[in-house]
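A.B. asks: Residue numbers (our numbering): 124 to 437.
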Ligand SMILES: Cc1cc2nc3c(=O)[nH]c(=O)nc-3n(C[C@H](O)[C@H](O)[C@H](O)COP(=O)(O)O)c2cc1C
């Protein structure tokens, strides 16, 4: 059994700003893979209580009704940063609801780890460098998520083989690989490289349960890896975005000023100022392998089939 319990697949549905809401998370957990959402998606802040109550109640009921069914735990993503005024309140809600897995990103989690461990929860920290991995481990995290080159959101620059190999030299515990994974054989590839779990974001934007507009989903279906722009222009942190959203905001994706200059977000078709993530869509280089918008259950069934087929093929 994995450290996250009996899963249908060693897979975590990655938390995505604006995209991951309870509908997506519940569909992922009920399909047997870990579902996750950033706490900041619950707005206003007290909405987080309602979401946690809904998710924990629905999963508990489903487990009661079918004890033999593989229902995965859920995770909440907390952005650890001095610029996140909600961190303390959102952590308090996670403690109150005993959220099984807390995924921390940006800065290392520090004292948060002790507070999550106190109720029996686990903390996985998301990193883009070996130095950050070492720091998070020194603070007692239970698992690492290696966010590699081409990943959607604030992706890193390291190659997954090099990154996994280097971290495995000093860390034998739970390891998650992220970046451009979109099909069942990629989950097996992550395991073969030394990870325990795969982490998929972009693939789940194109699902029926995702909170993504039809235009965003269509842009994902049409995009190829070459249509992904890596820039720190919009948030000050390098990230991967769809060219289509940048163009629609009237900006030139080839000439975005670097960090330090005043970011220009362009305008929406309605003439309003465009917003990062809502109009400037995030996505990873795996887009070129996404060509439909299935329901989550159908997608997980397909991923399982592909994973098993890849296992027997190799
Ligand atoms: C639209 C979008 C929003 C994201 N928002 C967050 C976030 O709020 N917090 C976070 O830790 N990671 C965020 N990520 C990164 C994902 O959790 C994950 O690392 C990434 O999607 C994995 O790469 P993939 O998209 O190539 O599968 C986001 C990714 C995308 C595509």
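For every residue, glycine included, the Cβ atom is placed at its ideal position computed from N, Cα and C.
Taking its Cβ as the centre, do 16 or more other Cβ atoms sit within 10 Å of residue 170, making it buried, or is it exposed?
C.D. replies: Against the chain shown, residue 170 aligns to sequence position 47. Result: exposed.
A.B. asks: Is the beta carbon of residue 325 sitting closer than 8 Å to the one on residue 244?
C.D. replies: Position 202 of the chain shown, counting from 1, holds the residue named residue 325. Position 121 of the chain shown, counting from 1, holds the residue named residue 244. No.
A.B. asks: Please state whether DSSP places residue 193 in a helix, a strand or coil.
C.D. replies: Here residue 193 refers to the residue found at position 70 of the chain shown. Residue 193 falls in the coil class under three-state DSSP.
A.B. asks: Could you round the C-beta distance between residue 294 and residue 260 to whole angstroms and report it? I think they count as a contact, below 8 Å.
C.D. replies: Taking the first residue of the chain shown as 1, we reach residue 294 at position 171. Taking the first residue of the chain shown as 1, we reach residue 260 at position 137. That belief holds up - the Cβ atoms of residue 294 and residue 260 are roughly 6 Å apart, short of 8 Å.
A.B. asks: Under DSSP, the alpha helix (DSSP H) around residue 321 begins and ends at which residues?
C.D. replies: Residue 321 sits at position 198 when you count from the first residue of the chain shown. Looking at the DSSP string, residue 321 is not in any alpha helix (DSSP H); the run it does join, the beta strand (DSSP E), is 320 to 323.
A.B. asks: Given a threshold of 16 other Cβ atoms within 10 Å of its Cβ, counted over all protein chains shown, does residue 204 qualify as buried or as exposed?
C.D. replies: As a position in the chain shown, residue 204 is number 81, starting the count at 1. Exposed.
A.B. asks: Unbroken alpha helix (DSSP H) runs of length 4 or more, entirely within the stretch 281 to 317: which are they?
C.D. replies: 283 to 291, 307 to 316
A.B. asks: Roughly how many angstroms lie between the CA atoms of residue 329 and residue 414, to the nearest whole one?
C.D. replies: Translated into the one-based positions of the chain shown, residue 329 becomes position 206. Translated into the one-based positions of the chain shown, residue 414 becomes position 291. About 8 Å.
A.B. asks: Is it buried or exposed, residue 161, if we count other Cβ atoms within 10 angstroms and call 16 or more buried?
C.D. replies: Numbered from 1 along the chain shown, position 38 holds the residue referred to as residue 161. Counting of Cβ neighbours within 10 angstroms places residue 161 among the buried residues, the total reaching 16 or more.
A.B. asks: Pop quiz: residue 218 and residue 237 are said to be a contact at Cβ under 8 Å. What is the actual Cβ separation, rounded to whole angstroms?
C.D. replies: Numbered from its first residue, the chain shown carries residue 218 at position 95. Numbered from its first residue, the chain shown carries residue 237 at position 114. That belief does not hold up - the Cβ atoms of residue 218 and residue 237 are roughly 11 Å apart, past 8 Å.
A.B. asks: Could you please give the first and the last residue of the uninterrupted alpha helix (DSSP H) stretch that includes residue 161?
C.D. replies: By 1-based counting over the chain shown, the position of residue 161 is 38. No alpha helix (DSSP H) holds residue 161; the beta strand (DSSP E) holding it covers 157 to 161.
A.B. asks: Quick one: using the 10 Å Cβ neighbour count with 16 as the cut-off for buried, is residue 296 buried or exposed?
C.D. replies: Counting from one through the chain shown, the residue named residue 296 turns up at place 173. Exposed.
A.B. asks: For residue 250 and residue 353, what's the separation of their Cα atoms in angstroms?
C.D. replies: Position 127 of the chain shown, counted from the first residue, corresponds to residue 250. Position 230 of the chain shown, counted from the first residue, corresponds to residue 353. Roughly 17 Å separates the two Cα atoms.
A.B. asks: Give me whichever residues DSSP pairs with residue 434 in a beta bridge.
C.D. replies: Taking the chain shown and counting its residues from 1, one reaches residue 434 at position 311. Within the DSSP bridge table, the entry for residue 434 names no partner.
A.B. asks: Between residue 214 and residue 229, how many whole angstroms is the CB-CB distance? I'm expecting something under 8 Å.
C.D. replies: Residue 214 sits at position 91 when you count from the first residue of the chain shown. Residue 229 sits at position 106 when you count from the first residue of the chain shown. Not quite, the Cβ-Cβ distance comes to about 14 Å (not below 8 Å), so this is no contact.
A.B. asks: Go through its chain and collect everything with a Cβ distance to residue 142's Cβ below 6 Å, but skip five positions before and after it.
C.D. replies: In the chain shown, the residue the question calls residue 142 occupies position 19. The residues are 328, 333, 334, 335.
A.B. asks: Kindly indicate which residue of 423, 437, 399 has the alpha-carbon position closest to the one of residue 130.
C.D. replies: On the chain shown, residue 130 is found 7 positions in, with the first residue counted as 1. In terms of CA proximity to residue 130, 423 leads the group 423, 437, 399.
A.B. asks: If contact is defined by three or more beta carbon pairs under 8 Å, each pair taking one atom from either stretch, is the stretch 355 to 375 in contact with the stretch 172 to 192?
C.D. replies: no
A.B. asks: Any heavy atom of ligand 1 inside 7 Å of the beta-carbon of residue 197?
C.D. replies: Your numbering for residue 197 matches position 74 in the chain shown. No; taking the cut-off as 7 Å, the Cβ of residue 197 has no heavy atom of ligand 1 nearer than that.
A.B. asks: On the CB-based measure, 16 or more other CB atoms within 10 Å of its CB, does residue 68 come out buried or exposed?
C.D. replies: Residue coverage of the chain in this structure runs from 124 to 437, which leaves residue 68 outside it and unanswerable.
A.B. asks: Alpha carbon to alpha carbon, how far is residue 278 from residue 137?
C.D. replies: Position 155 of the chain shown, counted from the first residue, corresponds to residue 278. Position 14 of the chain shown, counted from the first residue, corresponds to residue 137. Approximately 12 Å between the Cα atoms of the pair.
A.B. asks: Apart from the five residues just before and just after residue 140, which ones in its own chain have a Cβ nearer than 8 Å to its Cβ?
C.D. replies: Residue numbering aside, residue 140 sits at position 17 when the chain shown is read from its first letter. Spatial neighbours of residue 140 in its own chain (CB-CB distance under 8 Å, excluding positions within 5 residues in sequence) are listed in chain order as 161, 163, 164, 276, 400, 405.
A.B. asks: Taking just the CA atoms, how far does residue 134 sit from residue 321?
C.D. replies: Position 198 of the chain shown, counted from the first residue, corresponds to residue 321. Position 11 of the chain shown, counted from the first residue, corresponds to residue 134. If I take the Cα positions, the gap works out to 5 Å.
A.B. asks: Leaving aside the five residues before and after residue 311 along the sequence, list all residues of the same chain whose C-beta is less than 8 Å from its C-beta, in chain order.
C.D. replies: Indexing the chain shown from 1 puts residue 311 at position 188. In chain order, 430, 433, 434, 437 place their CB closer than 8 Å to the CB of residue 311, counting only its own chain and leaving out the 5 sequence neighbours on each side.
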